[in-house]
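Shown next, in structure tokens, is the structure this report addresses.
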């Protein structure tokens, strides 16, 4: 569900430009501005979830209610009325998005936190995140075809009507799948966290507003966590910044403005990317066990840099099938990112507990995913302005200038290459190795009087 919504948000927003004629810069702004409010709502919901004590746990009540709200609001968001002004569509979508993202936060923040705390084992965390990421990638088998579905003349009168129906389908699926973790998963720290903190002499947080700000400040100053956030921001932001560019390059450079054929090939590229990502998730989890999480990140991100560069040569009007060649390479970056980052954040949460005596997966998860969403917001906003800067004009159709096409292609290739290279440099400074993670885990288990569990976990 989480991946499906993320893919849908990025893939459907093009309707505002191609279907309603909204200026690309305004499309970028209306996509980006709601994500800025997540800087407040994400950590707040994360903190509230961390502090919640109920018979159903810290996470499950929010996951259950948040999934239902998110599905309903997403379906309503895309019921766009016809014949309105550009200003009307801007404000309609902006206000609706603010409500949607708050509901989304109620679900996603506790759901992410629950994933970090399901297992204490160093390598099992990677396998768990690999399975989670693998299942999430199912969304990307279908999301590349969203544009084709929405603009299908045989199904709908126009693209806007197609988006309305697609949103209702996604909303219903969101509700059905989103409540499952709340029903079937158990929380491992339900009865132990508060007693652990009270039995020690080291720092713990007071509740309420003071506790929120103390926890927030400690989290954003925790250097291992900052390394992960910076690397994720760079890889994901670089990818998202050119996500729309890739579609425009395929349509207007490779296929000379043919939207139907361009959407079909963009769909095939997305499908190949999803299939490649499935393979990458499996491979990277095994490489991580043998080489370590940092080296696995270096390898996968390096392959993506090569893939982005390959696009310059393989996006060719005379050989359109070549555009599929770079896909498996640049898919390595995104495919491995959330498998490795999720596992590494779980390690960070252990190290943080040594210092604070709090299990704060909600706070770490909320800030991490806010960074991801901030990257998406900046990418969507900057993408619209960059597209304008290239001289692109949707009214010109296939008559875009050679300079426009050149700059579109250059941005599509260069931006993610630079961002991914900087991300490798950031993870080079990430300090938690497997030995350090095991030492931290043993100390935590001694504190809880569960040394036997720690020993059995380290042997698996």
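Numbering (the numbering used here), first residue to last: 2 to 461. Even for Gly, the Cβ is constructed at its ideal location relative to N, Cα and C. It should be emphasised that the depicted structure is a prediction, and the values quoted were computed from it without experimental measurement.
Range of the contiguous alpha helix (DSSP H) that encloses residue i
| i | result |
| --- | --- |
| residue 92 | 87-117 |
| residue 312 | 294-315 |
| residue 138 | From DSSP, residue 138 is part of no alpha helix (DSSP H); its letter is neither H nor E. |
| residue 25 | 25-37 |
| residue 175 | 160-179 |
| residue 238 | 224-242 |
| residue 332 | 328-357 |
| residue 425 | 403-429 |
| residue 1 | Residue coverage of the chain in this structure runs from 2 to 461, which leaves residue 1 outside it and unanswerable. |
Contacts around residue i, its chain only, beta-carbon distance under 7 Å, and the 5 residues preceding and following it disregarded
| i | result |
| --- | --- |
| residue 373 | 233 and 237 |
| residue 189 | 118 and 119 |
| residue 99 | 35 and 38 |
| residue 275 | 138, 141 and 142 |
| residue 310 | 414 and 418 |
| residue 66 | 107 |
| residue 430 | 228 |
Cβ-Cβ distance between residue i and residue j below 8 Å
| i | j | result |
| --- | --- | --- |
| residue 361 | residue 353 | yes |
| residue 290 | residue 439 | no |
| residue 163 | residue 153 | yes |
| residue 336 | residue 50 | no |
| residue 34 | residue 160 | no |
| residue 23 | residue 93 | no |
| residue 302 | residue 334 | yes |
| residue 72 | residue 173 | yes |
| residue 277 | residue 329 | yes |
| residue 60 | residue 111 | yes |
| residue 445 | residue 351 | yes |
| residue 385 | residue 113 | no |
Neighbour-count burial assignment, residue i, 16 or more Cβ in a 10 Å radius
| i | result |
| --- | --- |
| residue 377 | buried |
| residue 413 | buried |
| residue 74 | buried |
| residue 47 | buried |
| residue 417 | buried |
| residue 421 | buried |
| residue 436 | exposed |
| residue 85 | exposed |
| residue 156 | exposed |
| residue 293 | exposed |
| residue 426 | exposed |
| residue 187 | exposed |
| residue 55 | exposed |
Contacting residues, own chain, Cβ-Cβ under 6 Å from residue i (five flanking each side not counted)
| i | result |
| --- | --- |
| residue 103 | 42 |
| residue 271 | 145 |
| residue 4 | 137 and 140 |
| residue 380 | 238, 241 and 242 |
| residue 134 | 282, 339 and 340 |
| residue 318 | 255 |
| residue 253 | 401 |
| residue 169 | 76 |
| residue 323 | 315 and 317 |
Same chain only: Cβ atoms within 8 Å of residue i, ignoring 5 sequence neighbours per side
| i | result |
| --- | --- |
| residue 97 | 74, 77 and 78 |
| residue 203 | Legend: pLDDT at residue 203 = 37, less than 50; position of this residue unreliable, value from coordinates given subsequently. Result list for residue 203: 356, 357 and 358, in chain order. |
| residue 389 | 24, 25 and 26 |
| residue 175 | 2, 5, 6, 68, 71, 72 and 75 |
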